[in-house]
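To start, the structure under review is shown below, and the notes come after it.
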Amino acid sequence: MILRYTFKERIVHWVAAFAYVYLLLTGLAFYTPKLYWLAVVLGGGTTSREWHPWAGLVFVAATVLMYVMWASDMRITEGDRAWGRAIGHYVRNEDKHLPPVGRYNAGQKYLFWLMFLGGVLLLISGVAMWFTSSIPWSLRWLRHWAVLVHVSAALATIGGFIIHVYMGTAVVRGGFTSIVRGEVSEEWARTHHPLWKR
Amino acid sequence: MAGNTLELKRISASAAPPPGIRDTPVLAKYIDTTTCIGCKACEVACQQWNDLPPETTVQIGTYQTMPDTTANFWNLIRFSEFEDAGGFHWFMRKDQCMHCGDPGCLKACPAPGAIVQYVNGIVDFQQDQCIGCGYCMAGCPFNIPKLSSKTKTVYKCTMCVDRVAVGLEPACIKACPTGCLQFGTKEQLLEVAAKRVDQLRESGFREAGVYDPPGVGGTSVVTVLAHADQPELYGLPSNPSIPLAVSFWKAPLKWLGNIAMIGGIVATAIHYLKYGAKHAHGKDS
Ligand code: HEM
Ligand code: SF4
Ligand code: SF4
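Residue numbers (my numbering), protein chains in the order written: chain P, 259 to 456; chain X, 11 to 295.
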């Protein structure tokens, strides 16, 4: 077996994941009345409103740690662009037609950057929404734009999140175990990330 | 008519149709800024009837009690000065919730039932349902809802819905000594306002008019202005409407987002049925 994620990497990932799921559920409750029951289940509207921004800070803190740990692995290279152009093969599970990848393929890298940039936008807009009543009336456009940016950034990350969870659990078998227990088999590494650990 | 105030016309964040079925007239407050003497009796009456805790006055260099309405102070006479060729003008306008026909606060609110609009036009906040998110503060074009630091919920003028429900006029109207405030159906008050505007025009205020902005569906506050061409002089926006970003967020963006989220989940399901999992060569890990 090969170590793919250290204990620290796994902790950070799961802190981000649980914080994100909480943010997703409470956020969706405010987003549409049809899902307001999510806030009720999670302790009531007031509780959800109170905790959502704090969970946001946890999420952003974990995202910053991920940046520190992984940013160098996530740099987009010429090879990634070639992979991106051939992504149709990846979608159709014709992986042998794809350029070989290292620790992360281009899809994973783009997901990382989507979540990172999304997190930054969510933080900035979220803080503005947290303290709406402190935004002076003369700067009210900030009140208006904060919600728009927050919802748009949340939707973008939700798109990435759906694909990420689907790929990590259903499609790339062994991926989920790797982020839980940390280890992958040699065959797994050779198949999905041939240039990593060579 | 006033006894029917519990008939609801709009409920925030609610998919259920509002149960108001009776056809009751829209009620309104009439505010004639040209006969207001700035005595602030309405401010006191509002504080007293609503049992609001005393709020410290803030001197801003005019007779105005404080810079803005607060969670504990819902009725504020705004004083403003202005000079033109015709000389020096001094305006007093009673500022409070405008009880918009199409309230931006209600549109923005995510909590079911935290903001309601009665069939009689009164827009009322239900603090027991309010989660204190402050979205209404982004949705209101008049800077009216204010968050209480004590309860973390939002407050504003209720048009004394508790008095109106039992056939009384709002406290501010009751206290006004000059009759510049009146209460009645909006239809009646628009007639009163039109007469007053005619008088003003005859006495030389050629730009006199009624402030009842269509951009927010009209308001249940009918305001007579001597310079209706420049409502900003009175601290009123000249063409208020629900902020574009808020309208966009609450309709197109929400539908786009719903379609994208459901579409994403459906797409992954179809993908799995068609292509399935990627297996490692050799053995499955
Ligand atoms: C990064 C730090 C974050 C902060 C400070 C923050 C803050 C806020 C605040 C203050 C609100 C208003 C409701 C409330 O007060 O609870 C809100 C709403 C919302 N948040 Fe966040 N948030 C953050 C991250 C996220 C993330 C990562 C998501 C991703 C799912 C998210 C999704 C939403 C959604 C969907 C709404 C509701 C928007 C609507 O009402 O249409 N937030 N956020
Ligand atoms: S603060 Fe209260 S009334 Fe205002 S939008 Fe939020 S839940 Fe609704
Ligand atoms: S003035 Fe503001 S608070 Fe009052 S009804 Fe209109 S949008 Fe709502």
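Note that CB positions come from ideal geometry on N, CA and C, so glycine has one too.
Open item on the list: I want to check one thing, is the minimum distance from the CB of Pro241 (chain X) to the heavy atoms of ligand 3 below 7 Å?
Closed with: No, ligand 3 has no heavy atom inside 7 Å of this Cβ.
**Asked** Beta carbon of Cys143 (chain X): closer than 7 Å to some heavy atom of ligand 1?
**Response** yes
Item to check | Contacts of Ile382 (chain P) in chain X (Cβ-Cβ under 7 Å) | outcome: In chain order: nothing, as chain X lies at least about 15 Å away.
field: Continuous alpha helix (DSSP H) stretch holding Lys284 (chain X): start and end
entry: Note, Lys284 (chain X): alpha helix (DSSP H), 262-285.
Using the beta-carbon of each residue, which ones in chain X are nearer than 9 Å to Leu406 (chain P)? Per Cβ cutoff of 9 Å: Ala255, Val256, Phe258, Trp259, Leu263.
Practice item. Less than 8 Å between the CB atoms is what I'm expecting for Arg307 (chain P) and Ile125 (chain X), so what's the real figure, rounded? Key: Between the beta-carbon of Arg307 (chain P) and that of Ile125 (chain X) there is about 15 Å, and that puts the pair past the 8 Å contact cut.
| said: Tell me the residue span of the alpha helix (DSSP H) that contains Ala404 (chain P). | reply: From DSSP, the alpha helix (DSSP H) with Ala404 (chain P) extends over 398-424.
query = Which residues does DSSP pair with Cys110 (chain X) in a beta bridge?
reply = X:Thr229
Is the Cβ of Ser24 (chain X) closer than 8 Å to any Cβ of chain P? yes
Original post:
Going along chain P in order, which residues have a C-beta closer than 7 Å to the C-beta of Gly274 (chain X)?
Top reply: For a Cβ distance threshold of 7 Å, residue set Gly417, Ile420 of chain P lies close to Gly274 (chain X), ordered along the chain.
Test item: CB-CB of Gly149 (chain X) and Ala118 (chain X) under 8 Å = yes
Just reading off the alpha helix (DSSP H) that Ile183 (chain X) is part of, what are its end residues?
181-185
Worksheet item: In terms of DSSP beta bridges, what is Phe193 (chain X) paired with?
Response: Its beta-bridge partners are X:Lys39.
If we ignore side chains and look at the alpha-carbon of each, how far apart do Ala255 (chain X) and Ser383 (chain P) end up? 14 Å
Cys140 (chain X) Cβ short of 7 Å to ligand 3 heavy atom set: no
Take Ile334 (chain P) as the anchor and find which of P:Trp312, P:Asn363, P:Val318, P:Gly314 has the nearest alpha-carbon. Checked all of P:Trp312, P:Asn363, P:Val318, P:Gly314; the closest Cα to Ile334 (chain P) is P:Asn363.
Handout entry: Own chain partners of Gln136 (chain X) with C-beta closer than 8 Å, once the 5 adjacent residues on each side are dropped
Key = Gly123, Ala124, Ile125, Val126
Integer Cβ distance of Leu18 (chain X) from Tyr128 (chain X), believed to fall under 8 Å
6 Å
| request: Output, in chain order, the set of chain X residues within a Cβ distance shorter than 8 Å of Tyr294 (chain P). | output: Simply Ala23, Pro120, Ala121, Pro122.
- Task: Give the range of the alpha helix (DSSP H) segment to which Leu375 (chain P) is assigned.
- Result: Per DSSP, Leu375 (chain P) is one residue of the alpha helix (DSSP H) stretching across 364-388.
Next on the checklist: Can you give me the C-alpha to C-alpha distance between Ala23 (chain X) and Cys146 (chain X), rounded to a whole angstrom?
Outcome noted: Going from the Cα of Ala23 (chain X) to the Cα of Cys146 (chain X) covers about 12 Å.
- prompt: In its own chain, which residues sit with a C-beta less than 6 Å from the C-beta of Leu266 (chain X), not counting the 5 before and 5 after it?
  reply: none
If you check the beta carbons only, do Lys264 (chain X) and Thr284 (chain P) fall under 8 Å apart? no
So Met387 (chain P) contacts chain X; which residues on that side make the cut at Cβ distance below 9 Å?
Cys143, Gly144, Tyr145, Ala148
Ala261 (chain X) versus Ala26 (chain X): straight-line alpha-carbon distance, rounded: 17 Å
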